[in-house]
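Down below is the structure, laid out as structure tokens.
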Amino acid sequence: MKKTLFQAEVIIPSADEAPLKDGGLLVQGGEVLALGQGEELKARYPEAEIVDFGKALLAPGFVNLHTHASMTIFRGLADDLPLMTWLEDYIFPVERHLDPRWVYWGAKLAVAEMLRSGVTTFVDMYLFEPQVIKVVEETGVRAALGEGLFDFPSPGYGPLEKGLGLTEELLKNFSSHPRIKIMVCPHATYTCSPPTLKAAWELAERYGALVHLHLSETKDEVALIKARYGKRPPEHLEALGLLNEQLLVAHAVQLDDHEIELFARRGVKVAHCPESNLKLGSGVAPVSALLEAGVTVGLGTDGPASNNDLDMFGEMRTAAFLQKGLTFDPTKLPARTVFKMATELGAKALGWEGLGTLRPGARADFIVLDLAAPHLTPYYDPFSLLVYSAKAGDVKHAVVEGEFVLKEGRIITFDEEEAQSEVARIAEEIRRLLDKTLPD
Numbered sequence: 001m002k003k004t005l006f007q008a009e010v011i012i013p014s015a016d017e018a019p020l021k022d023g024g025l026l027v028q029g030g031e032v033l034a035l036g037q038g039e040e041l042k043a044r045y046p047e048a049e050i051v052d053f054g055k056a057l058l059a060p061g062f063v064n065l066h067t068h069a070s071m072t073i074f075r076g077l078a079d080d081l082p083l084m085t086w087l088e089d090y091i092f093p094v095e096r097h098l099d100p101r102w103v104y105w106g107a108k109l110a111v112a113e114m115l116r117s118g119v120t121t122f123v124d125m126y127l128f129e130p131q132v133i134k135v136v137e138e139t140g141v142r143a144a145l146g147e148g149l150f151d152f153p154s155p156g157y158g159p160l161e162k163g164l165g166l167t168e169e170l171l172k173n174f175s176s177h178p179r180i181k182i183m184v185c186p187h188a189t190y191t192c193s194p195p196t197l198k199a200a201w202e203l204a205e206r207y208g209a210l211v212h213l214h215l216s217e218t219k220d221e222v223a224l225i226k227a228r229y230g231k232r233p234p235e236h237l238e239a240l241g242l243l244n245e246q247l248l249v250a251h252a253v254q255l256d257d258h259e260i261e262l263f264a265r266r267g268v269k270v271a272h273c274p275e276s277n278l279k280l281g282s283g284v285a286p287v288s289a290l291l292e293a294g295v296t297v298g299l300g301t302d303g304p305a306s307n308n309d310l311d312m313f314g315e316m317r318t319a320a321f322l323q324k325g326l327t328f329d330p331t332k333l334p335a336r337t338v339f340k341m342a343t344e345l346g347a348k349a350l351g352w353e354g355l356g357t358l359r360p361g362a363r364a365d366f367i368v369l370d371l372a373a374p375h376l377t378p379y380y381d382p383f384s385l386l387v388y389s390a391k392a393g394d395v396k397h398a399v400v401e402g403e404f405v406l407k408e409g410r411i412i413t414f415d416e417e418e419a420q421s422e423v424a425r426i427a428e429e430i431r432r433l434l435d436k437t438l439p440d
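Residue 285 in UniProt numbering sits at position 285 of the sequence shown; the count goes up by one each step and never skips.
In structure tokens:
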């Protein structure tokens, strides 16, 4: 089997290791075989094909731990609104018209955007997820995903029973796929009754899958669940026996100290989505406190209709600045920690072995940034550069399972312009629906 030696001016193996100057990464069959000085590896493995990126930084690909990829088609549809108004008056009404074609092209455009911001793995919860799976298979990226489950009928599958059936079918069909994991995705405690939540957990337990849902995102959500069940959202799940290590929650903004301790004790994982939380006025998650308590916290963008982009560089920078500003402590959430959230901790939250680092034995998922840009000159600390200086668009190459998906700034696994054209066409269809579906 062919060996390839990738060389770069700087290689970051992981957040916990020193960057390698003039490094080399030896890859075979999608796996990292060796990591070290480029010239030493070249001498040791003369049979390897050489790919020298020159003045560049090579790092593990990012894990976008929470998004709704196909919502690129709704980018900018409704802004500057509270979450419940945004959902109930704008998003849910338009989503009734969703079809597989919309979801397919929306997801394909999202993959293009994510690759350009360094994302090689993403977590997706939405509708018509078989279409997103098709996109993942075609584009060569990696994803953990699941069909959103609700008490009410979904445009993707109809009644809840069919949604659970679809999820089970996906769990069976993709149990051994190298780049796809299936999750069970009840939307939230305010859209899923206790019987729905229990059915989701039971299904996940049967197949050893994770459960992913939105939790404690806003003060209104907390008040609603408390009025409905007499408990705050985490306590509600705890009373149902559902707060456990199977659970990956998105947001976790409105947590008190007891709930942080409860998350740590129960092994709950968190996807922190700082920019979406800010844009919707939801607040700021207590990320520093969660990490200090031992909770696994990764980074997500949330959907492109609530963010409104899929830029993980922006999320890293915003996450760091927020914790420093909130605590009046510039040492909170340093660059290395934020980078770890975007890589290794995201992979850990998914239980996906071999992702998030470039140590020998890891999967060969990595990104390469061109260091020639003015805003990346000079650099002293590669972690500082990635978190505080780099931007989406600086990524010149992206590799998944040892294969290029983005090369020399061009996506090579699909036609990016076609995806843009198709989404523009879909946007015209949506515009024609707006007068019929949206409030004045």
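Beta carbons: idealized from backbone N, C-alpha and C, even for Gly.
This structure is a prediction, so every number in the text was calculated from the model and none was measured.
Problem - Supposed close pair residue 315, residue 274 - CB separation, criterion 8 Å - result: Residue 315 to residue 274, Cβ: 6 Å. Contact.
Practice task
Look at the alpha carbon of residue 298 and the alpha carbon of residue 153, and state the distance between them as a whole number of angstroms.
Solution key: Approximately 31 Å between the Cα atoms of the pair.
Exercise for the section: Note down, in chain order, each residue of its chain lying with its Cβ closer than 6 Å to the Cβ of residue 250, except the 5 sequence neighbours on either side. Expected result: Within its own chain, the residues whose Cβ lies closer than 6 Å to the Cβ of residue 250, once the five positions on either side in sequence are excluded, are 66, 214, 271, listed in chain order.
Handout entry: Helix, strand or coil at residue 375 according to DSSP, with G and I counted as helix
Key = Residue 375 sits in a helix when the DSSP states are folded into three classes.
Exercise for the section: Within the same chain, show all residues whose beta-carbon is closer than 6 Å to that of residue 224, passing over the 5 residues directly before and after it, in chain order. Expected result: Excluding its 5 nearest sequence neighbours in each direction, residue 224 has C-beta neighbours in its own chain below 6 Å: 190, listed in chain order.
Practice task
Alpha carbon to alpha carbon, how far is residue 98 from residue 427? Give it in angstroms, no decimals.
Solution key: Each residue's Cα considered, the two are about 12 Å apart.
Practice task
Taking only runs that begin and end inside the region 160 to 220, name each unbroken beta strand (DSSP E) of 3 or more residues, in chain order.
Solution key: Listed in chain order, the complete beta strand (DSSP E) runs (minimum 3 residues) inside the region 160 to 220 are 180 to 182, 211 to 215.
Handout entry: Candidates 342, 281, 133, 205, of which the one nearest residue 106 by Cα
Key = Among 342, 281, 133, 205, the Cα nearest to that of residue 106 belongs to 133.
Practice task
Using beta-carbon positions only, say whether residue 58 and residue 25 come within less than 9 Å of one another.
Solution key: A contact, by the Cβ cut-off of 9 Å.
Practice task
Identify whether residue 236 lies in helix, strand or coil by the three-state DSSP scheme.
Solution key: Note: residue 236 maps to helix in three-state DSSP.
Handout entry: residue 228 classed as buried or exposed, judged by whether at least 16 other C-beta atoms fall within 10 angstroms
Key = Flag for residue 228 reads exposed.
Practice task
Please name the residue, chosen from 423, 398, 43, that lies closest to residue 412 on a Cα-to-Cα basis.
Solution key: Of the candidates 423, 398, 43, the one whose C-alpha sits nearest the C-alpha of residue 412 is 398.
Practice task
State the Cα-Cα distance for the pair residue 417 and residue 187, rounded to the nearest angstrom.
Solution key: For residue 417 and residue 187, the distance between alpha carbons rounds to 32 Å.
Practice task
Would you be able to state if there are at least three C-beta pairs under 8 Å between the region 385 to 395 and the region 80 to 99?
Solution key: Result no; under three Cβ-Cβ pairs closer than 8 Å.
Exercise for the section: Ignore the nearest five residues each way along the sequence and tell me which others in residue 276's own chain have a CB closer than 6 Å to its CB. Expected result: Only 302, 306, 307 meet the Cβ criterion.
Practice task
May I have the straight-line CA-CA distance separating residue 352 from residue 143, to the nearest angstrom?
Solution key: So the alpha carbons of these two residues sit roughly 10 Å apart.
Exercise for the section: Check each candidate in 135, 37, 130 and name the one with the smallest Cα separation from residue 414. Expected result: Closest option to residue 414, Cα to Cα, is 135.
Problem - For residue 328, the three-state DSSP class (helix, strand or coil) - result: Secondary structure of residue 328 (DSSP, three-state): coil.
Handout entry: Proximity winner among 328, 261, 210, relative to residue 234 (alpha-carbon distances)
Key = It is 261 whose Cα lies nearest to the Cα of residue 234.
Exercise for the section: List the residues that DSSP assigns as beta-bridge partners of residue 147. Expected result: Its beta-bridge partners are 126.
Exercise for the section: Return the bridge partner residues of residue 154 from the DSSP annotation. Expected result: BP columns for residue 154 point to 158.
Exercise for the section: Classify residue 260 as helix, strand or coil using the three-state DSSP reduction. Expected result: In the three-state scheme derived from DSSP, where H, G and I count as helix and E and B as strand, residue 260 is classed as helix.
Problem - Own chain residues within Cβ distance below 8 Å of residue 204, not counting five before or after - result: Contacts found: 183, 184, 210, 211, 246.
Practice task
Could you check the C-alpha separation between residue 347 and residue 362 for me, to the nearest Å?
Solution key: A direct Cα-to-Cα measurement between residue 347 and residue 362 gives close to 11 Å.
Exercise for the section: Would you be able to state if there are at least three C-beta pairs under 8 Å between the region 26 to 39 and the region 364 to 375? Expected result: With three or more CB-CB distances shorter than 8 Å, the region 364 to 375 counts as touching the region 26 to 39.
Handout entry: Nearest candidate by alpha-carbon position, reference residue 156, set 75, 140, 196, 102
Key = Nearest in C-alpha terms to residue 156, of all of 75, 140, 196, 102, is 102.
Practice task
Taking only the alpha-carbon atoms, compute the straight-line gap between residue 39 and residue 11 and give it to the nearest angstrom.
Solution key: One alpha carbon belongs to residue 39, the other to residue 11, and they sit about 14 Å apart.
Exercise for the section: Can you have a look at residue 381 and say buried or exposed, based on whether 16 or more other CB atoms are within 10 angstroms of its CB? Expected result: It counts as exposed.
Practice task
Can you tell me which of the three DSSP states residue 8 falls into?
Solution key: Residue 8: strand per DSSP, three-state reduction.
Problem - Residue burial classification, residue 236 (beta-carbon count within 10 angstroms, cutoff 16) - result: Buried, because 16 or more other Cβ atoms sit within 10 Å of the Cβ of residue 236.
Practice task
Take the Cβ of residue 328 as the centre, count every other Cβ of all protein chains shown within 10 Å, and call the residue buried at 16 or more, exposed below.
Solution key: Using a 10 angstroms sphere on the CB of residue 328, the tally of other CB atoms stays under 16, which defines it as exposed.
Exercise for the section: Decide if the region 47 to 61 is in contact with the region 71 to 79; the criterion is three or more beta carbon pairs, one per stretch, under 8 Å apart. Expected result: Short answer: they don't touch.
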